[in-house]
Amino acid sequence: MGKLVSRFFNGRLLTAVAAATYKEWAAYRSHILVSLFVGPVYFLVQYFIWSALFQNTTTLKGFTLDEMLVYYGVTTLINYCIMDFADWNLQMLIRTGRFVTFLLRPVSHRFFALSQKVGHRLLGFWLEFVPVYLIFFFVFRLPLVPANLFWSLLSLVLGFLMMFLVNYSIGITGFWLVRTDGLRSFFLIFRDVFAGVFVPLVFFPGWLQKVLFFLPFQYISYVPVRVFSGSYELGGITLAIPVIVAIQGVYVVLMGLVSEFLWRLGIKRFTGVGV
């Protein structure tokens, strides 16, 4: 376990790689600025859809219209904080043969990729999160204030790690598949649907909600959003915020172990073909 922790947490290396990534992406910040339009436009579409659905009712699945709009606003902001392309980057390195250089380095590519994500999202925080938060708060008048700042930040960090671990595990399939574009596209939709990005998970059938409770996807986005709001419910299961955050932490550890297992299999496969 100590070796596993050391592979994931090397403060000096993380800081160095994150800083380099921050500077690299700052030179191409126009690519990030495009998403400034995506978030508000997506929210505006949701605003019109849900306003129409709430015309003849005051609540849907326990949500009022204002609560639903806050849900989508917070979901958008959280996605700005946790998004990454770890799966695409890893698959590209494997396909082009550039991954072999990481086998000669004293640190795993997984930790390197995590450090890159930290730097990329720090830049995204200033160029995406802050401007869109201000738009939501002052233009759309959304009351985007967390019920408990500590638990909200902790859940966000755990969601950040879960997103990375899940995406990176998908990227590991590149050790077995020549082209993974189709699988990646399918997975991205699958992940976002069952993470509650498109619609709150409480709108799914009860039996599916119970299944989703035991899958890792809700811990990416749905749980951080519900922690932000101060209440959690899924599949008839209502939990206190500290409890669901603790469960989220356990799932992050479990996903880390799954990622480690897949990583070892992938490296064995990679080195077994003559690399």
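Add 167 to the 1-based position in the sequence shown for my numbering, that's all there is to it. No residue lacks a Cβ here, since even glycine has one placed at the ideal position from N, Cα and C.
Contact check, Leu181 vs Ser282, beta carbons under 8 Å: In the sequence shown, residue 181 corresponds to position 14, counting from 1. In the sequence shown, residue 282 corresponds to position 115, counting from 1. Yes, the pair counts as a contact, with Cβ atoms nearer than the cut-off.
CB of Leu147 within 8 Å of CB of Val241, strictly: Residue 147 falls outside the range modelled here, since the chain spans only 168 to 442, and no answer is possible.
CB of Arg351 within 8 Å of CB of Trp255, strictly: Residue mapping note: residue 351 aligns to position 184 of the sequence shown, counting from 1. Residue mapping note: residue 255 aligns to position 88 of the sequence shown, counting from 1. A contact, by the Cβ cut-off of 8 Å.
Leu406, DSSP secondary structure in three states: Here the question's residue 406 lines up with position 239 in the sequence shown. Three-state DSSP puts Leu406 in a strand.
Per DSSP, the bridge partner or partners of Tyr195: What you label residue 195 is simply residue 28 of the sequence shown in a count that begins at 1. Answer is none; Tyr195 lacks a bridge partner.
Where the alpha helix (DSSP H) containing Glu234 begins and where it ends: The residue given as residue 234 occupies position 67 in the sequence shown. Unbroken alpha helix (DSSP H) run through Glu234: 232-249.
Identified DSSP bridge partners for Glu400: For the purposes of this step, residue 400 is taken as the residue at position 233 of the sequence shown. Per DSSP, Thr405.
Contact under 8 Å by Cβ, Tyr247 with Gly206: Against the sequence shown, residue 247 aligns to sequence position 80. Against the sequence shown, residue 206 aligns to sequence position 39. Less than 8 Å divides the Cβ of Tyr247 from the Cβ of Gly206.
Pick from Ala314, Thr231, Ile387, Trp374 that is closest to Asp251, judged by C-alpha positions: Counting from one through the sequence shown, the residue named residue 251 turns up at place 84. Answer by Cα proximity: Ile387.
Neighbour-count burial assignment, Glu191, 16 or more Cβ in a 10 Å radius: Along the sequence shown, read from residue 1 onward, the residue named residue 191 stands at position 24. Burial call: exposed.
Own chain, CB closer than 7 Å to Val324, minus 5 neighbours either side, in chain order: Counting from one through the sequence shown, the residue named residue 324 turns up at place 157. Result list for Val324: empty, nothing under 7 Å.
Supposed contact pair Val333 and Met259 - C-beta distance, whole angstroms, cut 8 Å: By one-based count along the sequence shown, residue 259 stands at place 92. By one-based count along the sequence shown, residue 333 stands at place 166. The pair is not a contact, with the Cβ atoms about 18 Å apart (cut-off 8 Å).
Option nearest Tyr189 by Cα separation, candidates Phe292, Phe230, Leu236, Trp217: The residue given as residue 189 occupies position 22 in the sequence shown. With distances taken between Cα atoms, Tyr189 lies closest to Phe292.
Ile404 vs Phe384 beta-carbon contact at 8 Å: Your numbering for residue 404 matches position 237 in the sequence shown. Your numbering for residue 384 matches position 217 in the sequence shown. No, the pair does not count as a contact, with Cβ atoms beyond the cut-off.
When Ala253, Leu294, Ala413 are compared against Ser426, the one with the closest alpha-carbon: Walking along the sequence shown from the start, residue 426 turns up at place 259. Closest by alpha carbon: Ala253.
Beta bridge counterpart(s) of Leu227 as assigned by DSSP: On the sequence shown, position 60 is the one that residue 227 refers to. Leu227 has Phe230 as its beta-bridge partners, per DSSP.
Beta-carbon proximity of Glu295 to Ser197, cut-off 8 Å: Sequence index remark: in the sequence shown, residue 295 carries index 128 (1-based). Sequence index remark: in the sequence shown, residue 197 carries index 30 (1-based). By the CB criterion at 8 Å, Glu295 and Ser197 fall outside the cutoff.
For Ile408, the nearest candidate out of Pro313, Arg431, Ile337, Phe428 (CA to CA): Numbered from 1 along the sequence shown, position 241 holds the residue referred to as residue 408. Measuring from the Cα of Ile408, the nearest candidate turns out to be Pro313.
Extent of the continuous alpha helix (DSSP H) run through Ala280: Within the sequence shown, residue 280 is the residue found at index 113, counting from 1. Start and end: 276-291.
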